[in-house]
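Peer 1:
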Amino acid sequence: MENVYKNLSAISVADKVEKKGRFDYLSWAWAWHYIKQEYPTANRTVYENDMGIPYFTDGKFANVKVGITINGVEHIDYLPVLDNANRSIPITKVTSFDVNNAIQRATAKAIAMHGLGLSLWIGEDTARLNKAEEKPVVKKDVKLKLTVDKWDKVLMYIAKNKDKGLEYIVSQLSTKYTVTTADKNKIKKAING
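As structure tokens, then:
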């Protein structure tokens, strides 16, 4: 008996891979093309709910269910209906176009479970977990001490902005320098002459 997975996973799809955001993907059309070349009797089943609609819902979001059958073996993929940022779309905002896109992506993923282009999805399930675990880097403002060598620059700034008052000058200097109470007193003295 032929090993479908081994046969399909040996096919290089590298020249057909496209980028969407930070993910690589294989177009459903290319995936289907390769499958039909190797297995002309392969077929796709787009599952419908009890009302004949090609998606399922929990009342909040929608999912599609697509099966690909090759040589009597069906692999099924369930995929949420997602927006361009890969976030689930609330059911009240789902369009037929969104459902169609999800069906095509689920088609490519169900084909991948047979072996074609599966490497594209390796790590996909942990990418969101890793993203959630990443802690945001808190940038610390680096402030300079108002030292003697910088005081000449500060005095020139004070002279140009004297009319704006002490609080304004201190607030502006505080964006770049660490202004101590002693520094504030020196600035006040410089303003008042």
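Residue numbering for the sequence shown follows the working numbering, starting at 1461 and increasing by one per position. The C-beta atom is built at its ideal place from N, Cα and C for all residues, glycine as well. Quick caveat: nothing in here was measured; it's all calculated off a predicted structure.
Check whether the stretch 1482-1490 and the stretch 1498-1516 are in contact - that is, three or more C-beta pairs closer than 8 Å.
Peer 2: Too few Cβ pairs lie closer than 8 Å, so no.
Peer 1: Work out the CA separation of K1466 and Y1507 for me, nearest whole Å.
Peer 2: Roughly 27 Å separates the two Cα atoms.
Peer 1: For the stretch 1521-1548, which segments carrying the beta strand (DSSP E) assignment without a break, of at least 3 residues, lie completely within its bounds, in sequence order?
Peer 2: For the stretch 1521-1548, whole beta strand (DSSP E) runs of length 3 or above, ordered along the chain, are 1522-1530, 1533-1540.
Peer 1: Looking at C-alpha atoms only, which residue of T1635, R1565, K1496 is the closest neighbour of K1480?
Peer 2: Of the candidates T1635, R1565, K1496, the one whose C-alpha sits nearest the C-alpha of K1480 is R1565.
Peer 1: Anyone know if the C-beta pair for I1551 and G1519 falls short of 8 Å?
Peer 2: Taking 8 Å as the Cβ cut-off, I1551 and G1519 qualify as a contacting pair.
Peer 1: Helix or strand or just coil, what does DSSP make of L1576?
Peer 2: It is coil, neither helix nor strand.
Peer 1: Here's the rule I'm using: 16 or more other beta-carbon atoms within 10 Å means buried, otherwise exposed. How should Y1515 be labelled?
Peer 2: Buried, because 16 or more other Cβ atoms sit within 10 Å of the Cβ of Y1515.
Peer 1: What first and last residue would you give for the beta strand (DSSP E) that runs through E1478?
Peer 2: Its beta strand (DSSP E) spans residues 1477-1480.
Peer 1: My assumption, with CB atoms under 8 Å, is that R1504 sits in contact with T1567. Please give the rounded CB distance.
Peer 2: Contact holds; Cβ gap of about 6 Å.
Peer 1: Would DSSP call N1560 helix, strand or coil?
Peer 2: Helix at N1560.
Peer 1: Going straight from the alpha carbon of A1572 to that of K1496, what length do you get?
Peer 2: Rounded to the nearest angstrom, the two C-alpha atoms are 14 Å apart.
Peer 1: Do V1477 and L1580 have their CB atoms nearer than 8 Å?
Peer 2: Cβ atoms of V1477 and L1580: closer than 8 Å.
Peer 1: K1569 and D1537: beta carbons closer than 8 Å?
Peer 2: Yes, they are a contact pair.
Peer 1: With DSSP as the reference, label N1503 as helix, strand or coil.
Peer 2: If DSSP states are grouped into helix, strand and coil, N1503 belongs with the strands.
Peer 1: Tell me the rounded alpha-carbon separation between V1639 and A1474.
Peer 2: Those two C-alpha atoms are separated by around 58 Å.
Peer 1: May I ask which residues mark the beginning and end of the alpha helix (DSSP H) holding D1484?
Peer 2: Taken as a continuous stretch (DSSP letters only), D1484 belongs to no alpha helix (DSSP H), being part of the beta strand (DSSP E) at 1483-1486.
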